[in-house]
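Below is one structure, written out as structure tokens; comments come after it.
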Amino acid sequence: MHNLGFALDGAWRVLLAGLLLGAGLPVLFALGIRSLAWADAGGVVRPAGKTLGYGLFAVVILGVLLGITFIVATGFGKALSFEHIYPTIVPKH
Amino acid sequence: MTQASVVLALVVVTALAFDFTNGFHDTANAMATTIATKALKPKTAVALSGILNLVGAFLSVQVALTVTNAVVKIQNSNGTPKAALVSDGGSALLLIILAGLVGGIVWNLLTWLLGLPSSSSHALFGGLIGATIAGLGWAGVNWNGDGSKLDGVVGKVLLPAILSPAIAGFVALVGTWIIHRITAGLAARYTDQGFKWGQIGSASLVSLAHGTNDAQKTMGVITLALIASGDWTDTKNIPFWVKVACALAIALGTYLGGWRIIRTLGKGLVDIAPAQGMAAQSSSAAVILASSHLGFALSTTHVATGSVLGSGLGRPGAQVRWRVAGRMVTAWLITLPAAGVVGAAMWGIGHLIGGLAGALVVFAVLVAAAIGVWFRSRRAPVGSHNVNDDWDPVAAEEPVPDAVPVHAADVPATLPTPELTKGRV
């Protein structure tokens, strides 16, 4: 039964990361789209909406870059560490 | 050329063939939603996915030599084959690998014919398990690991298969639901264009991750065969030609596009809107990468299918075709035993005939099965031209133009009829 324990332990971590990145980033992206739409709605130009929108897109792009970094690092036998909050590339143990 | 090197060549060719089926079987995981929402043209999508798989395969410098250790005991923990299996020049091990690969390929071809997304890794593992049971008995299978980590058939195959679609589905459901709340009432010119790029980005991530993970498995299997036959000794590196061949095989397979499976996943399961497509693809990408980071091996296919299903449940008013979902789940359940039965039968045939002739017969069975499946598939071909057709034929036939003039009887009989209908059809 030890496998079930390991699996459930892994599963909730994957679920948490999945919700944060897999649902969180698309939601930020959708908010970005909403901001851009608001920025030029009704003939009024709202620079704040544009700034907010592109800011949100930038966060999403950072998330995607994190994904690419992870894939490349894994391919080279490295791992990503989040112990300093910001990700760093470390040798795989 | 000795007999042993001919058998080795057959194993290598079969492994590359498996890699190729792995490619076209899994194109759908990355690109089905992108194609269904028309974010990319079908041909463009498979080309992009193929290129990213190629790049991904070359990115993997790490050696996945111990890939079979998850389910069978034919290798030591450092990747070298068990001594008992190579005492006769490696032919015992080569036969197990060959039979296992054939089991995996046959199952991949059959599920492709039925348009069912099933896990290629599970098919490979199933084939290897079957061939190992036939060759070494039940004790040759690593059922439950040694208790120190998630391992064995239960830990690496069965539990992830249950958990991964549920996790991915829930993430996609939450994402889809919130996104629809946020963008409700916005003009399509904002949402469609935006979500198009969101989908392309997330689908690209899935393709790249697929190339790094899945091509590595075949590289590991081929290298194991080379070590077994004494043609390679280094367990820290793989021959460069193996890497090139595997990368090309998976990329070509991906580019070919398993259109039948793309159609099921993109059109059959749920009707996907661009926002759902992005939510589903992002969920897949995040769950695959997170699980790979945490050492919790998931099947890309199960994750992608769960995501699409979740995105169908999350959009208000969207309809999920549960019959299609049921067929997929059935396919997942029987993937392992079905590939196992084929693997075991192939080992039996090869062992009975023995030697080079046995390996040749096993290979001939594979070729015959592949040709058979191909001809059967031609009866109802699915390709880039019809991949996006409506799933229910009734809906597609509805807009039949009424070509017959309503008042045909009132028209003077002297007028030639073609004149009448001109411009109406």
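Line by line, the protein sequences are chains F and W.
Start counting the first sequence at 1; every next residue gets the next number (my numbering).
Start counting the second sequence at 94; every next residue gets the next number (my numbering).
Backbone N, C-alpha and C define an ideal beta-carbon position, used for all residues, glycine too.
Keep in mind that this is a model prediction, so the values were computed, not measured.
Exercise for the section: For Gly143 (chain W), collect the residues of the same chain with a Cβ closer than 6 angstroms to its Cβ; drop the 5 residues on either side in sequence, then sort them by chain order. Expected result: Taking Gly143 (chain W) as the centre and dropping the five residues before and after it, the same chain places the C-beta of Ala344, Thr347 and Tyr348 closer than 6 angstroms to its C-beta, in chain order.
Practice task
Would you kindly report the start and end of the unbroken beta strand (DSSP E) that includes Val100 (chain W)?
Solution key: For Val100 (chain W), no beta strand (DSSP E) run applies; the uninterrupted alpha helix (DSSP H) run containing it begins and ends at Gln96 to Ala129, by DSSP.
Exercise for the section: Could you say which of W:Ile275, W:Tyr283 and W:Gly410 lies nearest to Val27 (chain F) if we only look at CA atoms? Expected result: Among W:Ile275, W:Tyr283 and W:Gly410, the Cα nearest to that of Val27 (chain F) is on W:Ile275.
Handout entry: Alpha-carbon spacing of Gly516 (chain W) relative to Asp485 (chain W), whole angstroms
Key = With a pLDDT of only 38 at Gly516 (chain W), under the threshold of 50, the placement of this residue in the model should not be trusted; the figure read from the coordinates follows. Taking the Cα positions, Gly516 (chain W) is about 30 angstroms away from Asp485 (chain W).
Handout entry: Secondary structure, alpha helix (DSSP H): runs of 4+ residues fully inside the segment 10-66 of chain F
Key = Along the length of the segment 10-66 of chain F, whole alpha helix (DSSP H) runs at least 4 residues long occupy 24-39, reported in chain order.
Practice task
Name, in chain order, the residues that DSSP records as bridge partners for Pro253 (chain W).
Solution key: Answer by DSSP bridge pairing: none, since Pro253 (chain W) is not bridged.
Practice task
Please decide whether Ala148 (chain W) counts as near chain F, where near means a Cβ-Cβ distance under 7 angstroms.
Solution key: Reading the sequence as shown, one finds Val at residue 148 (chain W) and not Ala. Residue-level contact check: Val148 (chain W) does not touch chain F, since none of the beta carbons of chain F fall below 7 angstroms from its beta carbon.
Handout entry: Interface flag, Met371 (chain W) vs chain F, CB-CB below 7 angstroms
Key = Yes, because at least one Cβ of chain F sits closer than 7 angstroms to the Cβ of Met371 (chain W).
Practice task
Please go through the same chain and pick out, in chain order, the residues whose beta-carbon is closer than 8 angstroms to the beta-carbon of Arg414 (chain W), but skip the five residues on each side of it.
Solution key: Here the set comprises Gly361, Leu362, Val363 and Trp484.
Problem - Nonlocal neighbours in the same chain, by C-beta distance under 6 angstroms from Arg46 (chain F), ignoring five residues either side - result: Cβ within range, chain order: Ala39.
Handout entry: Beta-carbon proximity list for Ser214 (chain W), same chain, < 6 angstroms, skipping 5 on both sides
Key = Counting only Cβ-Cβ distances below 6 angstroms, and skipping sequence neighbours, we find Ser392.
Problem - Where Val363 (chain W) falls: helix, strand or coil (DSSP) - result: Three-state DSSP puts Val363 (chain W) in a strand.
Exercise for the section: Please confirm whether Leu133 (chain W) and Thr126 (chain W) have their CB atoms less than 7 angstroms apart. Expected result: Against a cut-off of 7 angstroms, the Cβ pair of Thr126 (chain W) and Leu133 (chain W) comes out as no contact.
Practice task
For Pro494 (chain W), count neighbouring C-beta atoms within 10 Å of its own C-beta (all shown protein chains included) and say buried if the count is 16 or more, exposed if not.
Solution key: For Pro494 (chain W), the pLDDT reaches just 44, beneath the cut-off of 50, and the residue's location in the model is therefore unreliable, although a value from the coordinates is still provided. Flag for Pro494 (chain W) reads exposed.
Problem - Start and end residues, beta strand (DSSP E) containing Ser392 (chain W) - result: Run containing Ser392 (chain W): none; DSSP gives neither H nor E here.
Exercise for the section: Could you check the C-alpha separation between Val264 (chain W) and Ile446 (chain W) for me, to the nearest Å? Expected result: C-alpha separation (whole angstroms): 51 angstroms.
Handout entry: Beta-carbon proximity check, Val179 (chain W) vs Val246 (chain W), cutoff 7 angstroms
Key = In this structure, Val179 (chain W) lies away from Val246 (chain W), with their beta-carbon atoms at least 7 angstroms apart.
Problem - Inter-stretch contact (C-beta, 8 angstroms, three-pair minimum) for the segment 173-192 of chain W and the segment 335-342 of chain W - result: Taking a cut-off of 8 angstroms on C-beta distances, the segment 173-192 of chain W does not touch the segment 335-342 of chain W, as fewer than three cross pairs fall below it.
Practice task
Keeping to the same chain, check which residues put their C-beta closer than 8 angstroms to that of Ala489 (chain W); ignore five residues upstream and five downstream.
Solution key: Any reading at Ala489 (chain W) must be qualified, since the residue scores a pLDDT of 45, below 50, and its modelled position is unreliable; the value itself is stated next. Excluding positions up to five away in sequence, the list reads Asp482 and Asp483.
Exercise for the section: On the DSSP bridge assignment, give the partners of Val234 (chain W) in chain order. Expected result: Beta-bridge pairing links Val234 (chain W) to W:Val165.
Practice task
Quick one: grab the DSSP three-state call for Ala7 (chain F).
Solution key: Shown here, Ala7 (chain F) sits in a helix according to DSSP, grouped into three states.
Problem - Within chain W, the residues that Leu56 (chain F) reaches when beta carbons sit closer than 8 angstroms - result: The contacting residues do not exist; Leu56 (chain F) stays about 11 angstroms from chain W at best.
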